Amino acid sequence: MSVRNTLRLLNLAGKSLLTDEALAISALEYLPIELFPPLFMEAFCGRHRKTLKALVQAWPFVRLPLGALMQTPHLGTLQAVLDGLDVLLTQKAYPRKCKLRVLDLRNTGQDFWRMWSGSSVHVSSSSSMAPMAEDGSRIKKPLVPFEVFTELHLKERTMSEFLTYLLKWMSNVQKLFVSHIHLPDPEEWNEQHIVKITSQFLRLHHLHDLHLESPLYLEGCLDQMLRCLVNPLDNLSITHCLLTDSDLTHLSQSPNISQLKSLNLSGVTMTYSSPELLPALLEKVSATLQELYLEQSGIRDSHLEAILPALSQCFQLTSFSMCGNLLSMPIMEKMLRHTSELPSLG
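Residue numbers for the sequence shown follow our numbering, beginning at 3 and rising by one.
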């Protein structure tokens, strides 16, 4: 039998199972891995919410590329998937069959669904789409934190029902990576766009790690984001952007950085910033700081000279990097003398 015919039979089997939703759910534990994608597609298109919730809890692949199926988002099906994840994430250990680690809500993964639907039979699945080897145990603990990828479209006047629900669901998130938000035309970019982004942090009551890569929208507006942080951060990374003197001042004065363990300002150009701003920031975090990264930040001798007293008080520091800055040999030697007494810095 050809591969295409086999896949068509799998699709028919999925449709047949969904004629009795209770039976489909009870059969998931014994279902061959090959039946999961066609069954999921049928359940998603047919809006079988109970089956979708159960499928998520038994998904035998590392990644679930849901975004490729959501050309016309339906809130009910999204709720079913997220409800299934909620059940999964509250368990201390994953069910034996479930290998799910990534929910991808971006418009990617079409090849995965085409391969299993039979419309494409020559596509090889990536390792993230392939099932992980069974170990024969009844249960298996998650190997890594769960990840969610999505694309945010902030140009619309009102936030979509889909995005609003997703952000509410994310209220328990502890680590957030935001990368390369594209700005609209400069003429259209205004304070409302800034508020639309920064106000979302008010929902994140458990956020401890915040990583912002190329946040061009923050220049001159960092104080708005800092005011929206609910809890003190453990790790803060703001990289590859411009920050004004006002931004650095607000950062050093924010109560939510007083417990920082890691600070990464790599790629934040400080060539023309006032030399006293960075020392004030380091003094604020010196009691808890363990990692400091100031790579490729345009730091000159005068900046490094200014931060040395504060740097020498960071007794918890275990990692420090200033790669990519043009510094003289005398100031480097002086830095080594100031940091030589730090007990944990190897």
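Note that beta-carbon positions come from the ideal geometry of N, C-alpha and C, so glycine has one too.
It should be emphasised that the depicted structure is a prediction, and the values quoted were computed from it without experimental measurement.
- By the criterion of at least three beta-carbon pairs nearer than 8 Å, the segment 21-31 is not in contact with the segment 64-73.
- Cβ atoms of leucine 91 and phenylalanine 42 stay farther apart than 8 Å, at about 19 Å.
- Around the beta carbon of arginine 108, a 10 Å sphere encloses fewer than 16 other beta carbons of the protein chains shown; the residue is thus reported as exposed.
- The three-state reading of DSSP puts isoleucine 183 in coil, since its state is none of H, G, I, E or B.
- Taking 4 residues as the minimum length, the alpha helix (DSSP H) runs contained wholly in the segment 42-118 are 51-59 and 77-92, in order along the chain.
- Setting aside the 5 residues that flank it on each side, cysteine 325 is surrounded in the same chain by Glu297 and Gln298, each with a C-beta closer than 8 Å to its C-beta; the list follows chain order.
- Proline 39 counts as buried, since no fewer than 16 other beta carbons sit within 10 angstroms of its beta carbon.
- Sorting Ala289, Gln112, Val180 and Leu84 by C-alpha distance to the C-alpha of leucine 57 places Leu84 at the top.
- Going by beta carbons, leucine 306 and isoleucine 333 fall inside the 8 Å limit.
- Of all alpha-carbon atoms in Leu313, Leu178, Gly222 and Glu215, the one lying nearest the alpha-carbon of glutamine 202 is that of Leu178.
- Annotation for phenylalanine 322: the continuous beta strand (DSSP E) segment containing it runs 321-323.
- For isoleucine 240, the uninterrupted beta strand (DSSP E) segment begins and ends at 237-241.
- When rounded, the separation of the alpha-carbon atoms in histidine 340 and leucine 329 is 16 Å.
- DSSP, read as helix, strand or coil, puts lysine 177 in strand.
- Of the candidates Phe151, Gly78, Gln59 and His207, the residue whose Cα lies closest to the Cα of valine 89 is Gln59.
- Around the CB of methionine 117, 16 or more other CB atoms lie within 10 Å, so the residue is classed as buried.
- Ranked by Cα distance from leucine 344, the first of Met337, His213, Ser314 and Phe322 is Ser314.
- Taking 8 Å as the cut-off, the Cβ atoms of valine 287 and leucine 265 count as close.
- Between the C-alpha atoms of alanine 45 and glycine 78 there is a straight-line separation of about 12 Å.
- Between leucine 238 and leucine 212, the gap from beta carbon to beta carbon is short of 8 Å.
- With respect to serine 254, histidine 207 sits apart: the two C-beta atoms are not nearer than 8 Å.
- Valine 197 sits exposed, since fewer than 16 C-beta atoms from the chains shown fall within 10 Å of its C-beta.
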